[in-house]
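A.B. asks:
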Amino acid sequence: MIKNIRNFCIIAHIDHGKSTLADRLIQLTGTVDNREFRDQFLDSMDLERERGITIKASAVRMMYKANDGETYCLNLIDTPGHVDFTYEVSKAIAACEGAILVVDAVQGVEAQTIANLYLAMDHNLKILPLINKIDLKNARIEEVKHQMFDALGVDDDEILLSSAKEGTGIKEILEAVVARVPAPEGLEDAPLQALIFDSSYDIYRGVIVYVRIINGVIKAGRDIMMMNKGMRYEVKEVGVFMPKETIVDKLTPGEVGYIICNIKNASEVAVGDTVTDLRAPADKPLPGYKKVKPMVFSGIYPISNEDYETLKSAMGKLQLSDSSFVYEPETSMALGFGFRCGFLGLLHMDIVQERLEREFNLDLIITSPSVTYRVKTAASDVEEIDNPTRYPSSEKIEYVEEPYVRCFLIAPSNTIGNLMKLCENKRGEFVGTKYLDPTKIQITYNIPLAEIVVDFYDKIKSSTQGYGSLDYEVIGFRKSDIVKLDILLNGEVCDALSCIVHKDRARTKGQELAEKLKETIPKHMFKITIQAAIGGNVIAREDISALKKHVTGKCYGGDITRKRKLWEKQKEGKKKMRVIGSVEVPKEAFLKAMRVA
């Protein structure tokens with residue numbers, strides 16, 4: 008019955024205990040047999056378990072007998088906490104009526120806590136505030152309650168307390184979900200409307216479509232249509248997540264589950280689309296999701312050109328489970344055929360690369376990350392450029408605009424000096440400060456997006472002994488003095504190493520890139536000159552000496568002219584190699600270049 012269904016998600020800042028809490032909820036409801044249980048149960052990827060972070064939102068159905076004697080169907084979605092995976096959180100929120108907002112009893116309210124709260128409030132979700140890790144000796148429960156009142160506006164009697172590690176307070180959380188989260192609304196006899204909130208790919212069954220039923224009923228054998236894409240299919244299988252895929256007869260309003268329609272082409276399914284009945288369709292599709300806009304762009308190329316088609320297929324399948332990842336084909340003179348890819352941040356880019364290499368057995372090269380710039384030339388309107396190879400020459404440019412973000416940094420108040428110095432070094436403009444409590448402060452800065460995509464988050468953590476947190480929002484474009492920095496190897500431009508930088512940073516970055524390349528490019532039989540240049544102006548240079556060969560080693564005694572002839576012959580040979588030889592740049596060189604701020 009729909010009145011006994013509760014759909015809720017767990018949202019929090021990274022490392023506040025979401026996955027552990029989900030584990031305890033699964034155990035208490037007996038959803039998984041103890042023999043099959045493992046920690047971080049809903050984190051199915053090896054990458055998630057190794058890094059200790061949630062990358063992908065995961066759904067599970069739990070059956071719970073409450074204190075009122077009724078049995079409730081609880082659909083839980085566990086979400087990521089890192090700022091780069093906010094889109095995963097927004098998808099989960101759209102499929103729920105309630106959210107458990109988890110706050111660490113030691114670290115308190117952090118930047119992503121507030122960001123996720125606002126996401127949930129925008130969707131009118133019922134918020135269940137929870138202080139986790141109350142078993143720790145340095146837990147600051149009363150202080151954190153005060154922070155939650157100031158930041159979230161919640162009273163003490165609304166706040167739940169738990170220790171997910173110890174299993175304390177878990178039953179109270181389930182009772183609060185049953186009592187406070189509203190039951191979904193929907194009619195079985197209304198035209199079918201099901202929201203696609205996620206998908207994945209199975210090599211044998213094709214695309215598995217994850218749906219939340221709003222109205223109507225869906226069952227195997229029915230003909231359906233994707234309202235935005237216009238694609239038509241027959242439903243072959245219907246099921247729910249328990250947490251393994253379990254076949255059921257039908258899905259009714261308020262339920263969360265999956266459908267399989269033997270869809271082999273990954274591009275036919277779009278997250279946010281509406282599934283309806285082909286013969287009795289709904290009048291209009293559901294609102295769906297706001298289209299996500301990538302923040303960081305980079306080129307991904309296979310080391311072997313033979314792997315291009317495999318990479319293309321892998322990207323299509325990966326996009327099914329990560330709809331915030333976008334890509335389009337491109338070519339590079341240095342690297343051959345590849346793809347220009349858009350990501351939500353640097354961690355997102357790192358995760359995508361690692362998933363492609365692990366899950367599809369690929370060996371890849373990633374070029375330096377960049378952001379989107381708006382360039383006005385005399386010959387055209389304003390163009391958005393995210394690829395250095397498309398950047399026009401300086402004499403054609405009237406002006407360039409770069410994107411700015413408003414950064415919200417939350418950290419201990421005794422680290423404010425370090426954070427302000429870091430932000431000012433990143434060309435930041437101070438906006439204001441706000442004390443959350445006597446020991447915690449929120450600092451707001453407007454900073455160019457290009458300055459925060461590489462190492463900003465890591466530097467915040469090191470400047471605050473690991474206690475700092477970051478959230479940001481795009482606030483628009485501003486005119487700026489931007490140039491294209493080229494890297495030349497023996498006079499030839501290596502387009503894969505080119506980047507777009509602020510003019511004040513160009514010389515420093517050029518010198519750092521040249522030094523990194525000198526460290527990583529192996530010696531060849533000829534001298535290699537590494538240059539960093541803006542247009543025709545060389546601003547940095549490093550040389551790699553030729554690999555020496557002892558050509559006179561076979562000469563024992565005799566006239567010196569004999570040795571001189573061999574040296575002259577070697578010199579002529581090296582000149583020829585200098586002209587026709589190509590420099591081999593190892594993968595490590597691209598990785599090091601990518602990390603230069």
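Under this note's numbering, the first residue of the sequence shown is numbered 8, with each subsequent residue one higher.
By construction, the Cβ of each residue, glycine as well, lies at the ideal position given by its N, Cα and C atoms.
#1: Any heavy atom of the ligand ATP inside 8 Å of the beta-carbon of ALA106?
#2: Over what stretch of residues does the beta strand (DSSP E) that includes VAL481 continue unbroken?
#3: With contact counted as at least three CB pairs below 8 Å, one residue from each stretch, are the stretch 224-236 and the stretch 174-184 in contact?
#4: Measure the C-alpha to C-alpha separation of ILE17 and SER311 and round it to an integer number of angstroms.
#5: For LYS516, count neighbouring Cβ atoms within 10 angstroms of its own Cβ and tell me buried if that reaches 16, exposed if not.
#6: State the DSSP-derived secondary structure class of LYS583, mapped to helix, strand or coil.
#7: Give the straight-line distance between the Cα atoms of GLU241 and ASP465, rounded to the nearest whole angstrom.
#8: Just how far apart, CA to CA, sit TYR265 and LEU369?
#9: Can you say whether CYS430 is buried or exposed, counting buried as having 16 or more other CB atoms within 10 angstroms of its CB?
#10: Given a cut-off of 9 Å on the beta-carbon distance, is the pair ILE489 and TYR411 in contact?
#11: In terms of residues, what are the limits of the beta strand (DSSP E) holding PHE463?
#12: Distance, Cα to Cα, SER470 vs MET8?
#13: Which whole-angstrom value describes the C-beta separation of GLN114 and LEU443, a residue pair presumed to lie in contact below a C-beta threshold of 8 Å?
#14: When you compare only the Cα positions, how much space is there between ALA321 and LEU363?
#15: Once the 5 residues before and after LYS525 are set aside, which same chain residues still bring their CB inside 7 Å of it?
#16: Can you check which of these residues, THR446, GLU104, ASP511 and LYS576, is closest to VAL263 by C-alpha distance?
#17: Along the chain, where does the beta strand (DSSP E) containing ASN222 start, and where does it finish?
#18: Could I get the ranges of all uninterrupted alpha helix (DSSP H) runs contained in the stretch 370-446, with 4 residues as the minimum, in chain order?
#19: Need the endpoints of the beta strand (DSSP E) that HIS509 sits in, please.
#20: Assuming GLY349 contacts PRO301 under a Cβ cut-off of 8 Å, what Cβ separation, rounded to an integer in Å, is found between them?
#21: First and last residue of the alpha helix (DSSP H) that includes LEU363?
#22: Is the number of C-beta pairs between the stretch 353-363 and the stretch 505-524 that are closer than 8 Å three or more?
#23: Please identify the residue among PRO399, ARG434, GLU402 and TYR398 whose C-alpha is closest to the C-alpha of ARG413.
#24: Rounded to whole angstroms, what's the CA-CA distance from LYS447 to SER420? Just pull it up for me.
#25: Rounding to the nearest angstrom, what Cα-Cα distance links ASP22 and ALA29 in this structure?
#26: Please report how far the alpha carbon of PRO198 lies from the alpha carbon of ARG219, in whole angstroms.
#27: Near SER274, which residues of its chain fall below 7 Å by C-beta distance, leaving aside the five closest residues on each side in sequence?
#28: Does the Cβ of MET69 have 16 or more other Cβ atoms within 10 Å, making it buried, or fewer, making it exposed?
#29: Residues in the same chain with beta-carbon distance under 6 Å from THR253, minus the five sequence neighbours each way, listed in chain order, please.
#30: For CYS16, which beta-bridge partners are listed by DSSP?
#31: Ignore the nearest five residues each way along the sequence and tell me which others in MET356's own chain have a CB closer than 8 Å to its CB.
#32: Starting from ILE459, trace the alpha helix (DSSP H) both ways and give me its first and last residue.
#33: Looking at C-alpha atoms only, which residue of ALA66, PRO288, SER339 and ALA277 is the closest neighbour of GLY605?
#34: Could you tell me if THR93 is buried or exposed, where buried requires 16 or more neighbouring beta carbons within 10 angstroms of its beta carbon?
#35: Any idea what DSSP makes of ASP550, helix, strand or coil?
#36: According to DSSP, simplified to helix, strand and coil, what is MET302?
C.D. replies: Looking at the atomic coordinates:
#1: Absence of the ligand ATP from the depicted structure is noted, as is the absence of any ligand whatsoever, leaving it without description.
#2: Note, VAL481: beta strand (DSSP E), 476-487.
#3: At 8 Å Cβ cutoff, the stretches do not touch.
#4: Spanning the alpha carbons of ILE17 and SER311 requires a straight line of approximately 42 Å.
#5: Taking all protein chains in view, the Cβ of LYS516 is crowded by 16 or more other Cβ atoms within 10 Å, so the residue is classified as buried.
#6: In this prediction, LYS583 has a pLDDT of 49, which is less than 50 and means its spatial position is unreliable; what the coordinates show is noted afterwards. DSSP, read as helix, strand or coil, puts LYS583 in helix.
#7: Straight-line spacing of the CA atoms in GLU241 and ASP465 works out to 48 Å.
#8: The straight-line gap from Cα to Cα measures roughly 29 Å.
#9: Classification for CYS430: buried.
#10: No; because the gap between Cβ atoms is not below 9 Å, this pair is not in contact.
#11: For PHE463, no beta strand (DSSP E) run applies; the uninterrupted alpha helix (DSSP H) run containing it begins and ends at 463-470, by DSSP.
#12: About 53 Å.
#13: Contact doesn't hold; Cβ gap of about 12 Å is too wide.
#14: Each residue's CA atom was taken as its position, placing ALA321 and LEU363 some 7 Å apart.
#15: Correct list, in chain order: ILE537, GLU549 and ILE551.
#16: Of the candidates THR446, GLU104, ASP511 and LYS576, the one whose C-alpha sits nearest the C-alpha of VAL263 is GLU104.
#17: Here the beta strand (DSSP E) through ASN222 covers 213-222.
#18: Unbroken alpha helix (DSSP H) runs of no fewer than 4 residues, entirely contained in the stretch 370-446, are found at 423-432, following chain order.
#19: Looking at the DSSP string, the run of the beta strand (DSSP E) that includes HIS509 is 506-509.
#20: Confirmed, about 3 Å.
#21: LEU363 -> alpha helix (DSSP H) spans 353-366.
#22: Not touching, per the Cβ criterion.
#23: It is ARG434.
#24: So the two alpha carbons sit approximately 5 Å from each other.
#25: Rounded to whole angstroms, the separation of the alpha carbons of ALA29 and ASP22 is 13 Å.
#26: Cα to Cα, the separation comes out at about 14 Å.
#27: GLY323.
#28: Looking at its Cβ environment, which holds 16 or more other Cβ atoms inside 10 Å, MET69 is buried.
#29: Result list for THR253: GLY246 and VAL247, in chain order.
#30: In the DSSP output, where bridge partners are listed per residue, CYS16 has ILE84 and ALA106.
#31: Around MET356: VAL303, SER305, CYS348, PHE350, ILE373 and PRO376.
#32: From DSSP, the alpha helix (DSSP H) with ILE459 extends over 456-459.
#33: Residue 605 cannot be examined here, being either before or after the span of the chain that is shown, 8 to 604.
#34: THR93 is buried by the Cβ-count criterion.
#35: Looking at ASP550 - three-state DSSP - the assignment turns out to be strand.
#36: Shown here, MET302 sits in coil according to DSSP, grouped into three states, outside any helix or strand.
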